Amino acid sequence: MAAMHAGSALNVSHLQALRAVADHGSVSAAAAELYLTPSAVSQQLQTLAVNCGFDVVERHGRTVRLPRRGRALVALGDEVVARWTHGLRSLAKCETDARGVKTTFRVGALTSAYRAWLSPAVARIRATTGLDLELVEVAPDEACERLMDNALDVAVSVRIPRELPANLHRIPLYNDTFIPVSAPTVPSPQSSLSDWSKACWVLPEAGTYCHEIIAAHCSAVGFAPHAVARSNDWDVIQRMAVCLDAVALVPASSLVATLGVAVHHLAADQLPEWPIELITRADLSYRPEFAALHRIIAELAPR
1 MAAMHAGSAL NVSHLQALRA VADHGSVSAA AAELYLTPSA VSQQLQTLAV
51 NCGFDVVERH GRTVRLPRRG RALVALGDEV VARWTHGLRS LAKCETDARG
101 VKTTFRVGAL TSAYRAWLSP AVARIRATTG LDLELVEVAP DEACERLMDN
151 ALDVAVSVRI PRELPANLHR IPLYNDTFIP VSAPTVPSPQ SSLSDWSKAC
201 WVLPEAGTYC HEIIAAHCSA VGFAPHAVAR SNDWDVIQRM AVCLDAVALV
251 PASSLVATLG VAVHHLAADQ LPEWPIELIT RADLSYRPEF AALHRIIAEL
301 APR
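FYI, in UniProt numbering the residues of the sequence shown are 1 to 303.
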């Protein structure tokens with residue numbers, strides 16, 4: 001492998017990937033911790049090795065080990081990441097102190113997050129962090145684009161299974177399980193959603209990420225749901241299910257008891273879920289204002 005040269009790029013996320021592999025002993029476990037795909041982590045390790053000029057990991061069956069220089073690089077990477085983080089936070093604090101004005105964060109979030117826990121917590125976040133929040137409803141497939149376009153500063157969104165652009169930073173929050181609901185007249189599924197294979201379904205609009213999750217799970221248990229109505233509003237979906245003697249899957253955070261739906265219970269491994277995460281631009285992730293916002297959001301989000 002060619003020797004490292006002075007122009008080789010250093011990417012902090014590559015060092016973090018190597019640290020995760022060192023901690024867990026496998027690429028798949030490291031990927032789960034970093035909320036990336038295994039192929040994305042493997043690509044980061046390969047790029048890091050090319051830039052360094054030596055192999056940073058060695059494969060042994062299903063596990064990976066770090067050679068001597070790989071272990072040394074982990075220690076060096078820890079120091080680099082720590083100094084980088086401290087430096088950016090110090091610079092951000094200097095900028096904030098110099099401005100002497102209240103910081104406004106534009107927060108985009110899923111409808112379910114606003115309804116279930118984020119909107120009621122806004123006053124507390126403002127009082128605790130000193131931040132001024134501008135709230136925007138944003139769909140999962142729009143969050144990253146709006147962050148990249150500088151239209152948002154922070155997004156509470158669904159983790160879409162693809163690698164984020166290098167200038168975005170993600171932090172896992174919680175998993176929101178989809179719950180089977182129906183009109184009260186519909187029999188409960190006994191062991192699997194496949195018991196509803198002949199039922200009439202109310203689904204999110206085709207092409208949305210919400211629809212993809214539900215359709216993929218139904219396909220995995222052997223059927224394609226037959227839609228009699230569609231909406232991207234979880235309240236409307238529940239109302240339609242009652243009116244049309246139909247069934248639906250709704251995130252637990254969006255269940256509304258007063259809408260009259262019957263809520264059914266299945267084993268957790270029989271239900272889809274979507275991981276909810278906090279996303280921001282990398283330059284903001286080191287600012288003390290974001291650290292304060294993240295601390296409160298992590299405390300208030302469902303567990």
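Beta carbons: idealized from backbone N, C-alpha and C, even for Gly. Predicted model only: the values in this text are computed from it and were never measured.
{"query": "Which residues in the same chain have their Cβ closer than 8 Å to the Cβ of G100, if we skip the five residues on either side of it in sequence?", "result": "Note that G100 scores a pLDDT of 49, beneath 50, so its modelled location is shaky; the value from the coordinates is reported in the next line. Closer than 8 Å at Cβ, skipping near neighbours: no residue."}
{"query": "Starting from L300, trace the alpha helix (DSSP H) in both directions and tell me its first and last residue.", "result": "288-300"}
{"query": "Quick check on V101: does DSSP put it in helix, strand or coil?", "result": "Residue placement at V101 cannot be trusted, given a pLDDT of 48 that sits under 50; what the coordinates show is reported in the next sentence. Of the three classes helix, strand and coil, the one that applies to V101 here is coil, per DSSP."}
{"query": "When the Cα atoms are used, what is the spatial distance from R19 to E212?", "result": "33 Å"}
{"query": "According to DSSP, what are the bridge partners of A209?", "result": "Checking the sequence shown, residue 209 turns out to be Tyr, not Ala. For Y209, which the question treats as bridged, DSSP gives no partner whatsoever."}
{"query": "Using DSSP bridges, identify the partner residues of R65.", "result": "E58"}
{"query": "Pair every Cβ in the stretch 236-251 with every Cβ in the stretch 127-138, then say whether three or more of these pairs are closer than 8 Å.", "result": "no"}
{"query": "Which stretch, first to last residue, makes up the alpha helix (DSSP H) that contains N51?", "result": "38-52"}
{"query": "Which partner residues does Y174 have in the DSSP bridge list?", "result": "I276"}
{"query": "Within this structure, are the beta carbons of E289 and T103 separated by less than 8 Å?", "result": "yes"}
{"query": "Tell me the DSSP bridge mates of V242?", "result": "According to DSSP, V242 bridges with nothing at all."}
{"query": "What first and last residue would you give for the beta strand (DSSP E) that runs through A199?", "result": "Counting along the chain, A199 falls outside any beta strand (DSSP E), and DSSP gives it neither H nor E."}
{"query": "Going along the chain, which residues of its own chain have a beta-carbon closer than 6 Å to the beta-carbon of L173, five neighbours each way excluded?", "result": "I276, E277, L278, A301"}
{"query": "Where does I179 sit, in a helix, a strand or coil, going by DSSP?", "result": "strand"}
{"query": "Nearest-angstrom Cα distance between A155 and G222?", "result": "34 Å"}
{"query": "Let me know the secondary structure DSSP gives A229 once reduced to three states.", "result": "strand"}
{"query": "Would you mind stating whether E205 and R239 have Cβ atoms separated by less than 8 Å?", "result": "no"}
{"query": "So, with DSSP's three-state summary, where would you put D283?", "result": "helix"}
{"query": "With three or more beta-carbon pairs closer than 8 Å as the criterion, would you say the stretch 159-168 touches the stretch 179-189?", "result": "no"}
{"query": "I'd like the span of the alpha helix (DSSP H) that includes E145, first residue to last.", "result": "140-148"}
{"query": "So, with DSSP's three-state summary, where would you put D132?", "result": "strand"}
{"query": "Cβ of S157 within 8 Å of Cβ of L110?", "result": "yes"}
{"query": "Helix or strand or just coil, what does DSSP make of G108?", "result": "strand"}
{"query": "Please return the same chain residues whose Cβ sits closer than 7 Å to the Cβ of P67, not counting the five positions on each side in sequence.", "result": "D55, E58"}
{"query": "How many angstroms separate the CA atom of L133 from the CA atom of R115?", "result": "16 Å"}
{"query": "Starting from the C-beta of V242, find all residues in its chain whose C-beta is less than 8 Å away, skip the five residues before and the five after it, and write them out in chain order.", "result": "A183, P184, L259, G260, V261"}
{"query": "Below 8 Å on the Cβ atoms is my guess for L168 versus A282; work out the distance and round it to an integer in Å.", "result": "7 Å"}
{"query": "Look up E79 in the DSSP assignment and say whether it is helix, strand or coil.", "result": "helix"}
{"query": "Excluding the 5 residues flanking T177 on each side, which residues of the same chain have their C-beta closer than 6 Å to its C-beta?", "result": "A252, L271, E273"}
{"query": "Using the Cα positions of D245 and A215, report the straight-line distance between them to the nearest angstrom.", "result": "20 Å"}
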